[in-house]
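For the protein sequence lines, the chains are C and X, in the order given. Straight run, no breaks: the first sequence in this note's numbering ends on number 242. Straight run, no breaks: the second sequence in this note's numbering ends on number 403.
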Amino acid sequence: MTASTVTLEASSSATQRRPRRTRQAWMVARRDLAAGVGGRRAAVAVLPLVAAVLLLAGLGFGAHPVVVEATAAPLVWLVVLLSAVPLARTVAADDAADDCWDLLRAVVDPTALLAGKLAAQWLLLTAAWAVASLLTAVSQGVTWPLSSVAGGILGALGLAAVTTMLGALLLSDQGHGSSLLAVLVLPVGLPALLAGGQLAVSGVSPTPWLAVLVAYDTVLLAVAWAVFPVMVEGS
Amino acid sequence: MTRRRRVERLLGVAAVAAAAVAGWLGLVVAPPDAVQGQAQRLLYVHVPAAWVAYVAFAWVLIASVGYLIRRDLAWDRRAQAGAELGVGLTALTIVLGSLWARPIWGVWWTWDARLVTTVVLLLSYVGYAGVRGLSTDPHRNARRAAAVGILAFVNVPVVHFSVLWWRTLHQPPTVLQPASPPMDPAMLTALFGGIVAFSLAGMWVGLRRVRMLASAAPVAAAAPTRSEPIRVEAGGRR
């Protein structure tokens, strides 16, 4: 779907009234997912990265079951954090490259734009986590507890808020700004790495770590909701 | 002399006096630790530096929110000064902790949750500093820095609670606990002396830095109007 399609749908429905926020958010998310998966931009950026890191880690750690058991859970989350960096670049860079960022800002309510972009990032990050977990389980013979799924979903949500905000923030500085993404995204993803990693360890009580992730998500979603409209102003 | 400069000078004098008293308390009055010996005296500087760094990062959060609400670059300068102070003190905390750890733990560095999360916190605010130089438009820089300044604060509670969430080599909170601190009164006094001295010095440095940043600003940049994106009218015409 192109920006012109979005514009057309936005302006034609309900006789030039803006579509409701949920519909706008849905259209933005669908467009981002189409560009990310259908256009293979996000897929090409993330999947080889996930595979390469896991393979190199497996090679580096060697075939020591004790080491694998201790490192598998944080390794998965480290891979997800690393994936978040190229994914953050896709938040608005594709729109800017297609010269439709201003159009999107014009026709889409900022909250709906945030919701749509965040939903797409959430799905992509959850997919990166699922692929990393699956590859680790298959290659290292690790069994994940059920709580790791909750960790994956909740951790990806908080990270999606981070990548959406920072991706929009550094939109117009694809050179220097883009290189800063790693130093900005990785430290703020620390709670997801810690809590998500603990939730994937068998025998660890999940309740406190779920509480940490819920608090992390709540804070980041609230910050994103408050700050994103300011970020897209004149970006 | 303006009132602001007088306050600044008063703070400077008070900070020097408090530092002298804290030095006397820490080096002369407080006894050496029964187990750690003289190395324990480093904690009279390490702990206050960490506490004031937390306060500085909280100040960055408040000033960043202040900028986003008021769109006044004065708030941005306050946030920048707070971040610079916080980064400097966090780096000092890590270096002093490392100096203390070598004789006590036997290593300069260990993969302890408190140590690692503190360095990650430092990196967050180094990123904050990096965002500032991206644009020539001060308001755009301020907007970005404010967002990062708010986001980076997420790690402060993680650093604080890391010693409770994990069984770490770093000791859990000694002073901020429900029971009275299990410390010799002279040691506790020396610690509070250090905190007072660092707080006063931090305020003094912060105020001076804000003044320097204000005087370095070439022209008072007009606050941006809340610019609307390009409006697309019906039929796609502007």
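Each residue gets a CB set at the ideal place from its N, CA and C atoms; glycine is no exception.
Residue span of the alpha helix (DSSP H) that contains residue i, given as start and end
i: X/His211; result: 208-235
i: X/Gly358; result: 350-381
i: C/Thr29; result: 28-40
i: X/His335; result: Run containing X/His335: none; DSSP gives neither H nor E here.
i: X/Leu264; result: 238-270
i: C/Ala207; result: C/Ala207 -> no alpha helix (DSSP H), and no H or E assigned at all.
i: C/Phe235; result: 213-238
i: X/His136; result: This structure leaves residue 136 of chain X out entirely; chain X is present only between 166 and 403.
i: X/Arg171; result: 168-189
i: X/Trp330; result: 320-330
i: X/Gly295; result: 278-296
Given residue i as reference, the closest of the options once Cα atoms are compared
i: X/Ile269; options: X/Arg174, X/Val186, X/Gln201; result: X/Gln201
i: C/Thr214; options: C/Ala202, C/Asp224, C/Gly159; result: C/Ala202
i: X/Ile315; options: C/Ser146, C/Leu227, C/Val211; result: C/Leu227
i: X/Trp330; options: X/Asp277, X/Thr167, X/Asp349, X/Arg308; result: X/Asp277
i: X/Arg171; options: X/Leu372, X/Ala381, X/Ala379; result: X/Leu372
i: C/Ala233; options: X/Thr333, X/Ala366, X/Gly231, X/Ser300; result: X/Gly231
i: X/Gly188; options: X/Ala355, X/Val260, X/Leu254; result: X/Ala355
i: X/Leu299; options: C/Thr143, C/Pro198, C/Leu188; result: C/Leu188
i: X/Arg279; options: X/His304, X/Pro322, X/Gly247; result: X/Pro322
i: C/Ala64; options: C/Ala127, C/Ala139, C/Val114, C/Pro93; result: C/Ala139
i: X/Val319; options: C/Ala229, C/Leu40, C/Thr171, C/Gln205; result: C/Ala229
i: C/Glu240; options: X/Leu261, X/Ser289, X/Arg332, X/Asn306; result: X/Asn306
i: X/Tyr219; options: X/Pro337, X/Val324, X/Val210, X/His335; result: X/Val324
i: X/Gly191; options: X/Thr301, X/Gln203, X/Leu365, X/Pro346; result: X/Gln203
i: X/Leu207; options: X/Leu261, X/Arg169, X/Arg297; result: X/Leu261
i: C/Met34; options: C/Pro93, C/Leu89, C/Pro55, C/Val115; result: C/Val115
i: X/Ala294; options: X/Pro338, X/Val361, X/Thr283, X/Asp241; result: X/Asp241
i: C/Val145; options: C/Asp39, C/Leu62, C/Gln31, C/Pro236; result: C/Leu62
i: C/Leu66; options: C/Ala157, C/Thr143, C/Leu40; result: C/Thr143
i: C/Leu132; options: C/Ala77, C/Ser155, C/Ala167; result: C/Ala167
i: C/Val156; options: C/Leu120, C/Met238, C/Trp84; result: C/Trp84
i: X/Ala199; options: X/Met348, X/Ala246, X/Gly292, X/Gly177; result: X/Met348
i: C/Val237; options: X/Gln205, X/Phe222, X/Arg235; result: X/Arg235
i: X/Ala248; options: X/Gly271, X/Ala228, X/Val194; result: X/Ala228
i: C/Pro194; options: C/Gly159, C/Leu217, C/Val169; result: C/Val169
i: X/Trp265; options: X/His335, X/Thr339, X/Met377; result: X/His335
i: C/Arg30; options: C/Leu111, C/Ala119, C/Leu56; result: C/Ala119
i: C/Leu217; options: C/Ser186, C/Ser154, C/Phe235; result: C/Ser154
Per DSSP, the bridge partner or partners of residue i
i: X/Asp198; result: X/Gly202
C-beta contact flag for residue i and residue j at 7 angstroms
i: C/Leu176; j: X/Arg309; result: yes
i: X/Val225; j: X/Phe363; result: no
i: C/Ala207; j: C/Trp151; result: yes
i: X/Ala180; j: X/Ala382; result: no
i: C/Val60; j: C/Phe68; result: no
i: X/Val186; j: X/Gly358; result: yes
i: X/Val474; j: X/Val296; result: Past the edges of chain X, shown from 166 to 403, lies residue 474 of chain X, and the structure says nothing about it.
i: C/Ala91; j: C/Val219; result: no
i: C/Gly174; j: C/Ala99; result: yes
i: X/Leu175; j: X/Ala214; result: no
i: C/Ala79; j: C/Gln147; result: yes
i: C/Ala127; j: C/Asp39; result: yes
i: X/Val285; j: C/Leu200; result: no
i: C/Ala32; j: C/Ala122; result: yes
i: C/Ala231; j: C/Met172; result: yes
i: X/Ser345; j: X/Ala317; result: no
i: X/Leu233; j: X/Pro303; result: no
i: C/Val190; j: X/Gly177; result: no
i: X/Ala246; j: X/Val361; result: no
i: X/Gly251; j: X/Phe222; result: yes
i: X/Ala351; j: X/Ala195; result: yes
i: C/Thr97; j: C/Gly43; result: yes
i: C/Pro81; j: C/Gly210; result: no
Runs of 3 residues minimum, wholly inside the region 133-181 of chain C: which ones carry the beta strand (DSSP E) assignment?
none
Tell me the start and end of each unbroken alpha helix (DSSP H) in the region 105-133 of chain C that is at least 4 residues and wholly inside, in chain order.
108-114
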